[in-house]
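For reference, the structure is listed below as C-alpha cells.
2 protein chains.
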Amino acid sequence: MAVTKRSKQRDAIIDELCQRHDHPTAEELYLALKMKMPNLSLGTVYRNLNMLSDDGTIQKISVGGADHFDGNANNHYHMLCAECKRLYDVAYPVLEDIEKNAVNFVDGKITSHMITFIGVCNGCLH
Amino acid sequence: MAVTKRSKQRDAIIDELCQRHDHPTAEELYLALKMKMPNLSLGTVYRNLNMLSDDGTIQKISVGGADHFDGNANNHYHMLCAECKRLYDVAYPVLEDIEKNAVNFVDGKITSHMITFIGVCNGCLH
DNA sequence: TATAATAATAGTAACAATTATCGTTATTGA
DNA sequence: TCAATAACGATAATTGTTACTATTATTATA
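For the record, the sequence lines run as chains E and W.
Those letters in the first sequence? Residues 66 to 191, per my numbering, in order.
Those letters in the second sequence? Residues 66 to 191, per my numbering, in order.
Rendered as C-alpha cells:
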C-alpha cells in the first residue's frame, strides 16, 4: 500500500536516513532509532523502508547480505568494501548516455541503471 | 575452504551453469541437476557455487531476492527485468577506464565494478 | 471539537534464502 | 591398497524479511 497518513515513526526513519551518509541496513537503522523510540518495531522499519523505496523517496541497494538503504534518491554510484561490506557513495559523474546506448544490447526497455565499484576502503587497508 | 579435490557434483554444476545462458539461482540449478543426480543436495549446490565464485571461476550476482550465478567469469554487464526478475546479459562494451577514473572519487582501492540496467524485458512488455 | 474510517503500529509468527553441522562416502597422494 | 581428508547428503540452525492481528494514531468531515 502507498503512503497516505503520516506517522512519527516514518518521519523519524526518513530523518535518520537522510542525516547519516553511510548506507544502513534496516536493522542498523532500527537499532539507532530504538534509542529515541524504545518501542519501535523492526517490522515497522522494514515496512516503511519498502514503501519509501517503492515511491522513489529513498533507494534500496542489494549487494549480497542485508539490503542497504540510501536517503539520497538521485541516481549516483556506490562502492562496496569487500572487507567490511560497508557501502560508500561515489561522486563519479552520472553516465548520462549509458541507458540510451545500452538499448542496442537489450531486448526490452531500460528504465535505470546502477554502478557499483568493489574494492577495499581506506579503513580496511590500514 | 578452497577447491582441492574434484567431485562429480561440482563438475556437473559447472557444466550446467556454463551451458545455460540464463542466470539461475542456486535452487534453479539444483532442480535442473536433481533430474540427472537424484540424490544431489541443495547444500552441495550452495557450497560449490560459493567456492567457485570465491575462486573467480563463476560470478555471483545480488539484485534482491535469491542470488543469481553466471558461468561467464569475464566482466560484463546485466539487465534485471523489474517484472519477472530475470537477469539478462548485456553485451555493452566494458568501460575500460571507469575504475581508474573512479579512484578520484573513492577513499580506498578499486578492484572491479559492475553495471546493472533495470528495465522490462520483451517477454514482459507484450 | 468530536467522531468515524482506516492507515499505521507493536509484537510475534511465518517464511525464504543461506549456512553450519555431522556422520558417511569419494578422491587422491603416498 | 590404504590413510588422510575433501566433499557429500541430510537436516538443523541462522539470517533477513514479510505477513498477521489486535491495538493505536491520524485525518477528513460533521
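All C-beta atoms, glycine included, are put in the ideal place defined by N, C-alpha and C.
{"Item": "Measuring CB atoms only, is the segment 148 to 160 of chain W touching the segment 101 to 116 of chain W, in the sense that at least three cross pairs come out at less than 8 Å?", "Value": "no"}
{"Item": "Any Cβ of chain W within less than 7 Å of the Cβ of Asp119(E)?", "Value": "no"}
{"Item": "For the alpha helix (DSSP H) holding Val68(W), just list the boundary residues, first then last.", "Value": "First-last for Val68(W): undefined, no H or E at that position."}
{"Item": "Taking C-alpha atoms, which residue in Val68(E), Ala77(E) and His86(E) lies nearest to Ala138(E)?", "Value": "His86(E)"}
{"Item": "At what residues does the beta strand (DSSP E) containing Thr176(W) begin and finish?", "Value": "Gly173 to Cys186"}
{"Item": "What is the C-beta distance between Lys165(E) and Leu190(W), in whole angstroms, given that I count them as a contact (C-beta under 8 Å)?", "Value": "Not a contact, Cβ separation roughly 18 Å."}
{"Item": "Given that Asn187(E) touches chain W, what residues does it touch there, using C-beta distances under 7 Å?", "Value": "Asp172 and Gly173"}
{"Item": "Show which residues of chain W have a CB atom less than 9 Å away from the CB atom of Tyr157(E).", "Value": "Ile163, Asn166, Ala167, Asn169, Phe170 and Val171"}
{"Item": "Assign Cys146(E) to one of two classes, buried (16 or more other C-beta atoms within 10 Å of its C-beta) or exposed (fewer than that).", "Value": "buried"}
{"Item": "Comparing C-alpha positions only, which one of Met102(E), Asn187(E), Thr90(E) and Val128(E) sits nearest to Lys73(E)?", "Value": "Met102(E)"}
{"Item": "Let's test the definition: count the other Cβ atoms within 10 Å of the Cβ of Leu107(W) and tell me whether it reaches 16, buried, or not, exposed.", "Value": "exposed"}
{"Item": "Using a cut-off of 7 Å between C-beta atoms, extract the partners of Val128(W) located in chain E.", "Value": "Ser127"}
{"Item": "Is the CB of His178(W) under 7 Å away from at least one CB in chain E?", "Value": "yes"}
{"Item": "What residue from Ile183(E), Val68(E), Met100(E) and Leu94(E) has the CA that sits closest to Glu148(E)'s CA?", "Value": "Ile183(E)"}
{"Item": "Only counting the same chain, and skipping five residues up and downstream in sequence, which positions put a Cβ closer than 7 Å to that of Val68(W)?", "Value": "Met116 and Asp120"}
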